[in-house]
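Everything on this sheet refers to the single structure shown next.
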Amino acid sequence: MDIRDNPSLEQIEMRDPVHLCCLALASKLGSDKLAYPDSSAYNGSLASYYSLQQETIRPACILFPRTVHEVSNAVQILSKNTAYGCCDFAIRSGGHTSWAGASNIAGGVTLDLRGLDSVDVKENGAMVQVGTGATWDAVYTKLDPLGRSVAGGRVAGVGVGGLTLGGGISHLSTLHGWTCDTVRNFQVVLSNGAIVDANADENADLFFALRGGGNNFGVVTRIDLNTYEQGPIWSGFSLSETTVLDANIKEFVRISTAKDYDQHASFMLSFAYVGPLGGSLLANTLTYTKGVENPPIYERILALPTLMSSSGIKNITAASDDLAALVPHGASTQYRTRTIISTEPVLHAIHAIWEESLLTSGKISGISGSISFEPIPPVMYERHAADNALGLADRDGAALLVVLLDIRWDNASDDELVLSTCKSVMDDVSGPRFIAPRFIPILTS
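First residue of the sequence shown: 1, per UniProt numbering; consecutive thereafter.
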């Protein structure tokens with residue numbers, strides 16, 4: 001639909017042209033699919049974003065499609081009329097990416113895909129077709145009773161679409177690869193509204209690009225994923241005082257650099273600062289994808305003194321709920337990542353940078369966060385390196401770590417200070433003694 005061709009829209013003043021796009025969508029798809037500022041549906045959509053930065057962006061309207069054909073019609077209208085400068089739009093799946101504008105748009109049209117949330121098990125459980133508006137916990141809820149799972153996100157509430165298109169790290173990634181490596185097929189709406197499949201046989205170039213290349217190649221509406229036999233896992237989280245720093249780093253590096261890396265191990269070490277507790281702590285997030293109580297691989301970490309520890313054998317749904325409880329919605333949030341080499345001197349140097357920063361000084365009210373390290377062993381990134389767009393085919397077998405700076409704070413008046421400090425910290429972590437050869441800007445979720 002060309003917005004100039006609809007007589008019912010001619011009375012709208014062109015000095016506010018974006019509303020023509022909203023009205024064109026309502027005319028084609030039905031007014032019940034659109035929400036406008038201050039309506040309950042509009043406010044509910046914004047309130048469901050993970051970060052305050054995304055929540056406070058105000059689109060002119062929000063579209064809630066429920067079928068791929070509705071997405072196709074919407075894309076045709078929006079793409080055709082972008083030339084008139086009035087139909088800029090954003091695509092939202094789970095809304096968990098924190099930076100402003102990642103999946104929302106000021107003064108434009110936001111497509112909220114959460115209505116595309118089907119989870120259909122196929123081929124006697126060997127494959128699952130998932131709408132990109134679904135969240136990973138919904139997928140696990142369907143698969144856990146079948147004794148199967150997918151290499152999906154680890155935190156309940158994270159959307160299937162964004163994590164998969166960005167690569168995706170899973171508890172099962174050392175066994176099966178990145179989330180994007182386990183995709184059989186993408187259903188995609190192209191910019192002209194065409195609905196296509198992208199897989200190894202059809203649109204293979206698009207299939208390659210979507211596996212880790214991001215979301216600018218089309219609107220992905222369904223993802224078909226391989227499933228794998230998977231029973232309950234062992235999962236745990238602990239907090240310790242920094243007096244065990246040396247021993248914790250030593251053991252973390254030993255496990256993460258092992259030549260015979262245990263493919264059932266998925267773990268993170270975090271240097272944490274919790275404002276209400278008034279100080280710095282160490283956090284270990286440990287998972288073992290066999291249902292083994294207190295896995296021997298973590299024996300030395302588990303022997304360290306702790307302030308609290310929560311671990312046990314559980315299904316993947318419960319494990320994702322546990323991690324979601326650690327990262328509540330609604331705060332101002334900043335994520336930054338780097339990829340580094342895994343050595344003890346590197347981790348000690350980063351700990352010093354962290355402790356000397358304003359982020360852990362206690363001078364910013366309501367601040368908390370962490371700088372975390374997650375192993376990316378060769379057994380994970382080499383498995384399908386030639387088949388995805390992540391660019392990891394020539395890493396020479398290096399033991400890599402993804403560094404994730406994750407900061408939350410309360411007061412908007414501190415935004416500039418916090419953001420500049422986060423940049424400064426990660427700039428320091430980007431020095432030549434830290435960064436892995438052929439720097440890899442990996443995103444995690």
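All residues carry an ideal CB built from backbone N, CA and C; glycine is no exception.
Contact between residue 283 and residue 370 holds, with the beta-carbon distance rounding to 7 Å and staying under 8 Å.
In the DSSP assignment, residue 265 falls within the beta strand (DSSP E) that extends over 265-274. Under DSSP, residue 234 takes part in a beta bridge, and its partners are 288, 313.
Shortest Cα-Cα distance from residue 95 to any of 329, 237, 239, 392 involves 329. Between residue 357 and residue 421, the gap from beta carbon to beta carbon is short of 8 Å. Residue environment: residue 145 is assigned as exposed (fewer than 16 neighbouring CB atoms within 10 Å of its CB, all protein chains considered). Spanning the alpha carbons of residue 206 and residue 217 requires a straight line of approximately 8 Å. Counting along the chain, the unbroken alpha helix (DSSP H) around residue 43 starts and ends at 40-47. Taking the Cα of residue 203 as reference, the smallest distance to any Cα among 212, 214, 186, 419 is reached at 186. Boundaries around residue 372 are those of the beta strand (DSSP E), 368-376, since no alpha helix (DSSP H) includes it.
Runs of the beta strand (DSSP E) lying entirely within the stretch 323-397, each at least 3 residues long, are 332-341, 368-376 in chain order.
Under the DSSP assignment, residue 122 falls in the beta strand (DSSP E) whose first and last residues are 119-122. For residue 131, the uninterrupted beta strand (DSSP E) segment begins and ends at 127-131. Between residue 338 and residue 31, the alpha-carbon positions lie close to 44 Å from each other. Under DSSP, residue 208 forms no beta bridge with any residue. DSSP, reduced to helix, strand and coil, places residue 66 outside both helices and strands of the structure shown, so it counts as coil. Taking a cut-off of 8 Å for Cβ pairs, the stretch 316-323 and the stretch 33-45 do not touch, as fewer than three such pairs fall below it. In this structure, residue 113 lies away from residue 165, with their beta-carbon atoms at least 8 Å apart. Beta-bridge analysis with DSSP links residue 51 to 331.
Cβ neighbours of residue 213 within its own chain (closer than 6 Å, five residues either side excluded): 389.
In this structure, residue 183 keeps its C-beta atom at 8 Å or more from the C-beta atom of residue 91.
Counting only unbroken stretches of 4 or more residues, no alpha helix (DSSP H) element lies wholly within the stretch 400-427. Between the alpha carbons of residue 243 and residue 259 lies a gap of roughly 29 Å. By the neighbour-count criterion, in which 16 or more other beta carbons inside 10 Å mark a residue as buried, residue 81 falls on the buried side.
The beta carbon of residue 263 is closer than 7 Å to those of 174, 175, 379 in its chain, skipping five residues each way along the sequence.
By the beta-carbon neighbour count (other beta carbons within 10 angstroms, threshold 16), residue 365 is exposed. Proximity to residue 404 across 252, 199, 271, 160 peaks at 271, based on C-alpha coordinates. One Cα belongs to residue 154, the other to residue 407, and the distance between them is close to 19 Å. When 52, 292, 335, 426 are compared, the shortest CA-CA separation from residue 349 is found for 426. Looking at the DSSP output, residue 228 sits in a beta bridge with 149. Between the alpha carbons of residue 254 and residue 26 lies a distance of about 58 Å.
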